[in-house]
Every structure is written in structure tokens, then in C-alpha cells.
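Engineer: Numbering follows the working numbering, with no gaps: position 98 of the sequence shown is 98.
All C-beta atoms, glycine included, are put in the ideal place defined by N, C-alpha and C.
Fair warning: this is a prediction, and the values are worked out from it, not measured in the lab.
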Amino acid sequence: MKHQFAGSSALLTRDPISRSDTLRRMIELLRHEREALTGMDMDSIMGCAHDKYVLCEELEAAGDDHIDEETRGLIDAARRLNEVNRQLRNLIAANVAARLSALSGGAALYKAQTGQALRPQGVPAYTYTGARA
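1. Does Ser-18 come out as helix, strand or coil in the three-state DSSP assignment?
2. Please report the residue range of the alpha helix (DSSP H) in which Met-42 lies.
3. Given that a residue counts as buried once 16 or more other Cβ atoms are within 10 Å of its Cβ, and exposed if not, what is Ser-143?
4. If you measure between the beta carbons of Arg-25 and Ala-62, is that distance less than 8 Å?
5. Check for me: the alpha helix (DSSP H) holding Ile-92 runs from which residue to which?
6. Going by C-alpha distance, which of Leu-23, Ile-17, Ala-36 is nearest Asn-85?
7. Taking just the CA atoms, how far does Gly-105 sit from Cys-56?
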């Protein structure tokens with residue numbers, strides 16, 4: 001998947017555009033970023049990061065004048081999409097860290113205990129940490 005928003009695309013423009021239009025473009029970009037994250041498309045992920053920066057600058061330049069209900073809804077939608085993307089990015093990073101740790105012989109995230117006397121009857125081995133002395 002090629003990053004379709006970088007450079008001179010219609011998504012990014014230097015012409016004055018309303019805050020609502022800029023937020024709509026941000027929402028579209030955040031949806032594209034989620035697709036790039038799920039597809040592990042590094043070029044698109046990096047392009048989205050750049051384009052989000054540019055759109056944030058546009059939003060900042062729009063000023064802090066009155067925010068109507070529509071704009072407030074767009075801000076909320078963009079915030080939610082950005083949070084989903086952040087969680088997805090963190091999940092991918094944690095998965096990579098776990099794999100690297102496993103490759104390097106690091107400690108497993110969950111390790112079953114071998115001594116039955118260390119945990120109460122019926123409690124799975126990977127959930128009980130035992131008492132500290």
C-alpha cells in the first residue's frame with residue numbers, strides 16, 4: 001500500500017480551509033493510518049505521521065474561536081480514532097518486544113511454576129505468584 005496523502009495530495013493543502021474540513025481530512029488520515037498499521041506498511045505509517053503533523057499545524061493556525069457542535073463531534077471522532085491507532089501501535093510494539101526477548105533467550109512473559117506446593121489447589125500455575133518472605 002502506497003502512502004496516498006504525502007506531498008501534493010488533495011489531503012494536504014496550503015489554501016485556507018475551515019477547521020471542520022481539516023478535521024474531516026484528519027479523520028480520513030487516521031483511518032488510512034490504521035490500515036497502514038494493520039498492514040505493517042512502514043512507508044505509509046511514516047507518511048501518515050508527517051501528514052498528521054501538517055494537519056495539526058493547520059488546526060493550530062485556525063485559532064481558538066468558537067467551536068460548534070459539529071466541530072466538537074469531529075474533534076471527538078478524531079480523538080477516538082487516534083486512541084485506537086495508539087493502542088494498535090503499542091500492541092505491535094509489545095509483540096515485537098516479546099519476540100525479540102524470546103529470540104535473545106530473555107525471560108518468558110508467563111512461566112508455569114513446577115512446584116505444586118507453591119500454589120493453592122485449582123489455581124493455574126501462571127496466575128499465582130506465591131507469598132513473599
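Structural biologist: Reading it off the structure:
1. Reduced to three states, the DSSP call for Ser-18 is coil.
2. If you look at Met-42, you'll find it in the alpha helix (DSSP H) that goes 42 to 61.
3. Since the first residue shown for the chain is 1 and the last is 133, residue 143 is missing from the structure and cannot be characterised.
4. Taking 8 Å as the Cβ cut-off, Arg-25 and Ala-62 do not qualify as a contacting pair.
5. Segment 69 to 103, the alpha helix (DSSP H) holding Ile-92.
6. For the set Leu-23, Ile-17, Ala-36, the Cα lying nearest the Cα of Asn-85 is the one of Ala-36.
7. Approximately 42 Å between the Cα atoms of the pair.
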